[in-house]
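Counted the way the working numbering counts, the sequence shown spans residues 240 to 580.
By construction, the Cβ of each residue, glycine as well, lies at the ideal position given by its N, Cα and C atoms.
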Amino acid sequence: MSEQLEDIAVQMVAGGRGLLAADESTSTIKKRFDTINLESTETSRRDYREMLFRSDEAMKKYISGVILFEETLYQKAADGTPFVDIIRAAGSIPGIKVDTGAKPMAKFPGETITEGLDGLGERLAKYYEAGARFAKWRGVIAISSTLPTRGSVRANAQALARYAALCQEAKIVPIVEPECLMDGKPGDHNIDRCAEVTESTLRIVFEELAEARVSLEGMILKPNMVIDGKNARKASVEEVAVRTVQVLKRTVPSAVPGIAFLSGGQTTEEATAHLSAINATADLPWLVTFSYGRALQDSALKAWNGKPENIAAGQREFTHRAEMNSLAAKGSWKKDLEQAA
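What follows is the structure, given as structure tokens:
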């Protein structure tokens with residue numbers, strides 16, 4: 240593939256910077272705003288995103304790219320400046336979520352298939368013209384004693400691969416996100432089961448990427464960490480790091496330039512601690528960073544609370560979380576740093 244795709248992929252994960260996942264759908268951001276009793280309107284969504292994107296220190300030092308929802312890609316700040324221009328001015332890369340969501344998979348009870356391939360090529364051309372240089376597609380893999388089925392994993396892997404090929408054809412770097420759920424139902428699986436499912440899923444994903452002729456050098460992987468289910472939390476930070484690296488080394492080719500983890504139901508501090516422990520592991524063949532939504536935004540959302548007079552407070556919280564995760568992307572975050580801040 241073109242050198243440009245490879246260059247963008249490296250920029251997305253290099254230098255201790257990571258991705259801000261600001262691609263919440265309208266229904267998801269409504270749930271976020273409900274926690275602060277704020278009505279979700281186009282204006283309130285704009286104001287919230289503008290607070291984040293105009294956090295100069297965070298954006299310039301710690302955020303390499305921003306995943307946007309389609310509405311946000313075309314949105315402008317209160318003063319009329321396109322969000323894409325604000326993101327670029329900070330030295331960050333605009334990206335776009337392109338899937339249309341995980342829907343129940345026919346004949347596969349309890350499992351989903353992610354939709355959005357129809358017309359994707361045409362949409363990607365429009366997104367590129369609007370300034371997007373990378374994209375994201377999330378495949379959702381349920382974990383239980385009997386799930387996932389191989390058929391479900393294969394179907395989602397094929398969709399991820401087809402999406403990735405279309406992205407590269409459109410000169411857009413694909414983020415390939417097969418998420419094995421930590422917080423799905425029943426959520427009582429242990430770390431061994433998560434490791435087993437994550438390893439088998441990633442093997443199938445990379446088989447399908449190869450079949451689709453996707454250039455590994457021009458993509459980013461966004462996987463879950465290997466961790467206990469939400470109702471069975473026992474593993475230490477160190478065990479999560481060791482098991483995660485073990486699975487990734489068994490399945491992810493070194494040609495992939497970078498891995499940007501999702502936080503996937505972890506607390507804010509857990510996501511940072513686990514990322515730092517993973518990066519403290521010697522001899523990783525890829526650049527490893529964050530692609531966090533809630534783990535970057537929760538404290539900022541609460542500090543802002545939907546009020547103009549709280550913008551500076553919200554930006555301080557966002558900058559702090561971005562800095563902590565930047566340290567984690569270098570393997571140098573420590574709990575005492577968190578507590579001292």
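Cβ neighbour criterion (16 or more within 10 Å) applied to Asn518: Looking up residue 518 in the sequence shown gives position 279. Classification for Asn518: buried.
Per DSSP, what are the beta-bridge partners of Cys419 in this structure? Reading the sequence shown from its first residue, position 180 is the one you call residue 419. Note: Cys419 sits in a beta bridge opposite Ile380.
Tell me whether the stretch 433-453 and the stretch 275-287 touch, counting them as touching only if at least three CB pairs, one residue from each stretch, are closer than 8 Å. no
In or out: Thr506 buried (at least 16 other Cβ within 10 Å) or exposed? Taking the first residue of the sequence shown as position 1, residue 506 is located at position 267. So Thr506 ends up on the exposed side.
Would a C-beta distance cut-off of 8 Å place Thr351 and Val392 closer than the cut-off? In the sequence shown, residue 351 corresponds to position 112, counting from 1. In the sequence shown, residue 392 corresponds to position 153, counting from 1. It is not a contact, given that the beta carbons lie outside the stated cut-off.
Excluding five sequence neighbours on each side, which residues of the same chain lie with their C-beta closer than 8 Å to the C-beta of Met290? Counted from its first residue, the sequence shown places residue 290 at position 51. So the qualifying residues of the chain are Ala539, Trp543, Ile550, Gly553, Gln554 and Phe557.
For the putative contact between Gly330 and Lys299, defined by C-beta atoms under 8 Å, what is the C-beta separation to the nearest angstrom? Looking up residue 330 in the sequence shown gives position 91. Looking up residue 299 in the sequence shown gives position 60. That belief holds up - the Cβ atoms of Gly330 and Lys299 are roughly 6 Å apart, short of 8 Å.
CA-to-CA distance, Lys473 to Leu363, given in whole angstroms: By one-based count along the sequence shown, residue 363 stands at place 124. By one-based count along the sequence shown, residue 473 stands at place 234. The alpha-carbon atoms of Leu363 and Lys473 are separated by roughly 42 Å.
Compute the Euclidean distance between the alpha carbons of Lys541 and Gly426, then round it to the nearest angstrom. Within the sequence shown, residue 541 is the residue found at index 302, counting from 1. Within the sequence shown, residue 426 is the residue found at index 187, counting from 1. So the two alpha carbons sit approximately 27 Å from each other.
Whole-angstrom distance between His559 and Ala182, CA atom to CA atom: Because the chain here runs from 240 to 580, residue 182 falls outside it and cannot be looked at.
With 16 other Cβ atoms within 10 Å as the buried cut-off, status of Glu361: Here residue 361 is taken as the residue at index 122 of the sequence shown, counted from 1. Exposed, because fewer than 16 other Cβ atoms sit within 10 Å of the Cβ of Glu361.
Going by beta carbon distance, what residues of the same chain come within less than 7 Å of Tyr367, once the five residues before and after it are set aside? Counted from its first residue, the sequence shown places residue 367 at position 128. Excluding residues within five positions, the ones whose Cβ falls inside 7 Å are Ala409, Lys410 and Ile411.
Nearest-angstrom Cβ-Cβ length linking Glu263 and Phe292, presumed shorter than 8 Å: Residue mapping note: residue 263 aligns to position 24 of the sequence shown, counting from 1. Residue mapping note: residue 292 aligns to position 53 of the sequence shown, counting from 1. Between Phe292 and Glu263 the Cβ distance is about 14 Å, and since that is not below 8 Å, they are no contact.
Identity of the residue in Pro348, Ala328 and Gly355 nearest Asp338 by Cα: If you number the sequence shown from 1, residue 338 lands on position 99. Closest option to Asp338, Cα to Cα, is Gly355.
Separation of Gly254 from Arg372, as counted between CA atoms: By one-based count along the sequence shown, residue 372 stands at place 133. By one-based count along the sequence shown, residue 254 stands at place 15. Looking at the two C-alpha atoms, the distance is approximately 19 Å.
Terminal residues of the alpha helix (DSSP H) in which Tyr301 lies: Position 62 of the sequence shown, counted from the start, is the residue given in the question as residue 301. First-last for Tyr301: undefined, no H or E at that position.
Are Glu456 and Ala494 close, meaning C-beta to C-beta below 8 Å? In the sequence shown, the residue the question calls residue 456 occupies position 217. In the sequence shown, the residue the question calls residue 494 occupies position 255. Yes, the pair counts as a contact, with Cβ atoms nearer than the cut-off.
Runs of alpha helix (DSSP H) lying entirely within the stretch 406-483, each at least 4 residues, in chain order: 430-450
Run of the alpha helix (DSSP H) containing Thr311, from where it starts to where it stops: Translated into the one-based positions of the sequence shown, residue 311 becomes position 72. Run containing Thr311: Glu309 to Leu312, per the alpha helix (DSSP H) assignment.
Gly497, DSSP secondary structure in three states: By 1-based counting over the sequence shown, the position of residue 497 is 258. Strand at Gly497.
Closest to Tyr402 by C-alpha separation, out of Thr385, Val453 and Thr490, would be which residue? Reading the sequence shown from its first residue, position 163 is the one you call residue 402. When only C-alpha atoms are compared, the closest one is Val453.
Can you tell me whether Ser241 is buried or exposed? The criterion is at least 16 other CB atoms within 10 Å of its CB, across all chains shown. Reading the sequence shown from its first residue, position 2 is the one you call residue 241. Here Ser241 scores only 42 on pLDDT, less than 50, and its place in the model is too uncertain to base an answer on.
Is DSSP giving Ile550 helix, strand or coil here? For the purposes of this step, residue 550 is taken as residue 311 along the sequence shown, with counting starting at 1. Helix at Ile550.
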